[in-house]
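Asker: Submitted below is the structure of interest, expressed as structure tokens.
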Amino acid sequence: MLLAFGQGSLAAGAVAYTFYRSFIAFAILMVPACIYPRFYERAWRQKRRRDLETQFKEAIQVMAGALGAGYSPENAVAVCSRELELLYGPREMIVKEFRYMEEQMRLNRSVEQVIQEFADRSGLEEAIRFAGIFGIAKRSGGRLAPVICHTVSVMEDQSQVKEEIRTMTASVQFEQKIMNLIPFCMILFIDFTSPGFFQVMYESFFGRLVMTVCLTVYLLALLLAYKIMDVKIL
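When you number the sequence shown by this note's numbering, it's gap-free, plus one each residue, and the end is 235.
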């Protein structure tokens, strides 16, 4: 939250200096800067969700391999926990989650329950689907390993499609971030190479009005770009 507040304050200072050259404008812009941590938290949650999604895909692959090797579902969870700890380290989210599953199973809770609780707690669509299929296969008494292996194969195909979409949009998102800085760079460059060129914009009422209109158009362009780049991957 402190990092987000610092970023918001820096952005408020940059806007106030570039468009107004006024401490009063900076004080006014600090109001939305104080709200920025909420948006930062949303982006931070999305990033952690993507990280957990990637880790979970690795986890079910390990689990499918353990089931295919003849382990029981309960022992497969324990094997998966150890393999994930070697792969990601003891502090990663997925390792902590599988450790918690092990602890719950030691309290005589079923493996279906702990997997379903993880799916509900994480909110991952892949985890919810996996928990549902796992529970049905376990209760039906069928061969669990082939069902889980087929499920993992289907989820891998879906994952590849998502990664391709993210790769295709990553370069465009980076270009959009660069374009966000262009107006600031242009104004500061002209102001540095031609001192006093924008002075009338900061001293007259009409000049400040024009700069306010430009800032409004710039913010609307940012919002439009965000909406375009916010691709929903189902």
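Every residue, glycine too, gets a C-beta built ideally from N, C-alpha and C.
1) Measure the C-alpha to C-alpha separation of A132 and A120 and round it to an integer number of angstroms.
2) Could you please give the first and the last residue of the uninterrupted alpha helix (DSSP H) stretch that includes T55?
3) Taking 6 Å as the limit between beta carbons, can you name the residues of its chain near D52, skipping five residues before and five after?
4) Just how far apart, CA to CA, sit G66 and E84?
5) Applying the 10 Å Cβ sphere with the 16-neighbour rule, what's the burial state of T168?
6) Quick check: the region 42–56 against the region 123–138, are at least 3 beta-carbon pairs closer than 8 Å?
7) Ignoring anything shorter than 4 residues, give me the alpha helix (DSSP H) runs that lie fully in the region 139–221, in order along the chain.
8) Looking at the structure shown, is R92 part of a helix, part of a strand, or coil, going by DSSP?
9) Is the beta carbon of F6 less than 9 Å from the beta carbon of A28?
10) Are I116 and G136 touching if we call contact CB-CB under 9 Å?
11) Given 8 Å as the limit, is there contact between the region 144–157 and the region 62–80, that is, 3 or more CB pairs closer than that?
12) Since A100 contacts S82 with CB under 8 Å, what's their CB separation in whole angstroms?
13) If you compare alpha carbons, which of E98, T19, N109 and P184 is closest to A222?
14) Taking its Cβ as the centre, do 16 or more other Cβ atoms sit within 10 Å of F206, making it buried, or is it exposed?
15) Considering only the alpha carbon of each residue, which of M94, A26, F40 and Y21 lies closest to Q8?
16) In chain order, what residues of the same chain have a beta carbon less than 6 Å from the beta carbon of M31, not counting five sequence neighbours either side?
17) Report the rounded CA-to-CA distance for K38 versus V214, giving the unit in angstroms.
18) What does a CB cutoff of less than 6 Å around V201 pick up in its chain, not counting 5 residues either side in sequence?
Answerer: So, from the data block:
1) 7 Å
2) F24 to G69
3) none
4) 11 Å
5) exposed
6) yes
7) 145–194 and 200–204
8) coil
9) no
10) yes
11) yes
12) What sits at residue 100 in the sequence shown is Arg, not Ala. Between S82 and R100 the Cβ distance is about 6 Å, and since that is below 8 Å, they are a contact.
13) P184
14) exposed
15) F40
16) A13
17) The displayed chain sequence assigns Pro, not Lys, to residue 38. Each residue's Cα considered, the two are about 26 Å apart.
18) G208
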